[in-house]
Amino acid sequence: MYLTPSPPLPPPPSQVLSNLKLPGVLTAPQIAAKLAPVPGFILANESGAALTANPPAGKGVPTVGVFLRKGGAVEFLENLTKQNPTLGASLRVKAVALGELWQKAQKSESKMALAFIPDLAEVEQAKAFLKQQGKPEAGGGVPLFMAELPGKRLLNLTQNGITIIPAFFSRADLAPVLESYNKSRPEGTPEAQVALTSLEFLLASWLRTPDAALKQIQFVVPKVVADEAKAVVGGS
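Residue numbers for the sequence shown follow the numbering used here, so the first one is 909 and each next one is one higher.
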């Protein structure tokens, strides 16, 4: 069965979305480990199998829609239930770890693709940023907000003696980091600015040209999303 999702699955990501060039250094297991703390939400049946959108024969592999917010998954399920009550009644919202799901999709035998469906509020934040910068709203995917220093260098932080480059799923979570850095920076030095990329672009780039510094990138999950995932582990 081919299901037309609502909202639609996002288009392939575009480098137009990003201020950055993000070459990669990580193996698939290493990327999966970085994704491990990031929750997603899928629709699954009683046995836990994910709902897939199946393309026409010979046109690709089944795609699992992975929502970055519980509300998106709930809304999708409600719309699906209106269209197909029997199918909708057999499904539930399930919280998953993106690392495990992503690694499974990378295995050739899995014959499964993932389509990440972003938080629409953060998409609007990304659009507003691009408009402010005079950039087109081309591209798609899940926005990631980072802090950029002059010369296209990414701002890093030290936590418990470990240096990381934070990548935020929420622009609001980045704001206090920017404010703190800009208030404490040496007088006369340029301020840090918002930098925008996408989750899909970063994941693809990590598998390409080496750049050891980018091993330091760590995802920062909004607390509200982590709480949503804890509330629906195993389904709702």
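C-beta atoms are modelled at their ideal positions from N, C-alpha and C, and glycine is treated no differently. None of these values were measured; they are calculated from a predicted model.
Can you grab the Cα-Cα spacing for the pair residue i / residue j, in whole Å?
{"i": "glycine 1048", "j": "glycine 1042", "result": "17 Å"}
{"i": "alanine 1112", "j": "phenylalanine 1127", "result": "15 Å"}
{"i": "lysine 967", "j": "glycine 1059", "result": "43 Å"}
{"i": "glycine 973", "j": "serine 1018", "result": "15 Å"}
{"i": "phenylalanine 1037", "j": "alanine 1075", "result": "16 Å"}
{"i": "lysine 990", "j": "glutamate 1032", "result": "27 Å"}
{"i": "serine 1144", "j": "alanine 1013", "result": "Reliability of the predicted coordinates at serine 1144 is poor, the pLDDT of 43 falling under 50, and the value obtained from them is presented with this limitation in mind. Roughly 24 Å separates the two Cα atoms."}
{"i": "alanine 936", "j": "lysine 1002", "result": "24 Å"}
{"i": "alanine 1134", "j": "glycine 996", "result": "25 Å"}
{"i": "alanine 1137", "j": "valine 1004", "result": "8 Å"}
{"i": "serine 1106", "j": "glutamate 983", "result": "23 Å"}
{"i": "valine 1132", "j": "alanine 1139", "result": "11 Å"}
{"i": "arginine 1093", "j": "alanine 1034", "result": "26 Å"}
{"i": "proline 889", "j": "methionine 1020", "result": "Past the edges of the chain, shown from 909 to 1144, lies residue 889, and the structure says nothing about it."}
{"i": "glutamine 1011", "j": "alanine 940", "result": "6 Å"}
{"i": "isoleucine 1125", "j": "phenylalanine 949", "result": "23 Å"}
{"i": "leucine 1006", "j": "alanine 1100", "result": "30 Å"}
{"i": "leucine 1115", "j": "phenylalanine 1109", "result": "10 Å"}
{"i": "asparagine 1068", "j": "alanine 958", "result": "38 Å"}
{"i": "isoleucine 1073", "j": "leucine 999", "result": "38 Å"}
{"i": "proline 945", "j": "glutamine 1040", "result": "31 Å"}
{"i": "lysine 1158", "j": "leucine 1086", "result": "Since the first residue shown for the chain is 909 and the last is 1144, residue 1158 is missing from the structure and cannot be characterised."}
{"i": "asparagine 953", "j": "threonine 994", "result": "12 Å"}
{"i": "leucine 1065", "j": "serine 955", "result": "42 Å"}
{"i": "alanine 1083", "j": "alanine 965", "result": "46 Å"}
{"i": "alanine 1081", "j": "asparagine 992", "result": "Contrary to the premise, residue 1081 reads as aspartate rather than alanine in this sequence. Whole-angstrom Cα-Cα distance: 38 Å."}
{"i": "arginine 1079", "j": "lysine 1091", "result": "18 Å"}
{"i": "glutamate 1095", "j": "arginine 1061", "result": "19 Å"}
Under the assumption that residue i contacts residue j (Cβ atoms under 8 Å), give the Cβ distance between them as a whole number of angstroms.
{"i": "leucine 985", "j": "leucine 943", "result": "Not a contact, Cβ separation roughly 24 Å."}
{"i": "alanine 961", "j": "proline 970", "result": "7 Å"}
{"i": "phenylalanine 1077", "j": "proline 1044", "result": "The Cβ separation is near 22 Å, so there is no contact."}
{"i": "leucine 1022", "j": "leucine 1009", "result": "7 Å"}
{"i": "alanine 1103", "j": "glutamate 1030", "result": "Incorrect: roughly 15 Å between the Cβ atoms, too far for contact."}
{"i": "leucine 1122", "j": "tyrosine 1089", "result": "Actually they do not touch by this definition, with Cβ atoms about 19 Å apart."}
Give the DSSP bridge partners of residue i, in chain order.
{"i": "glutamate 1108", "result": "Answer is none; glutamate 1108 lacks a bridge partner."}
{"i": "glutamine 1126", "result": "Pro1074"}
{"i": "valine 1102", "result": "Ala1055"}
Would a check of beta-carbon distances place residue i closer than 8 Å to chain B?
{"i": "glutamate 1136", "result": "Absent here is chain B; the protein component of the structure consists of one chain."}
Inspect the CB distances between the segment 1048 to 1064 and the segment 977 to 990 and report whether three or more fall short of 8 Å.
no
Identify every run of the beta strand (DSSP E) within the segment 940 to 1024, keeping only runs that are complete inside it and at least 3 residues long; order them along the chain.
947 to 952, 971 to 975, 1000 to 1005
Scan the segment 1037 to 1100 and note each continuous beta strand (DSSP E) run of 3 residues or more that stays entirely inside, going in chain order.
1051 to 1057, 1065 to 1067, 1070 to 1076
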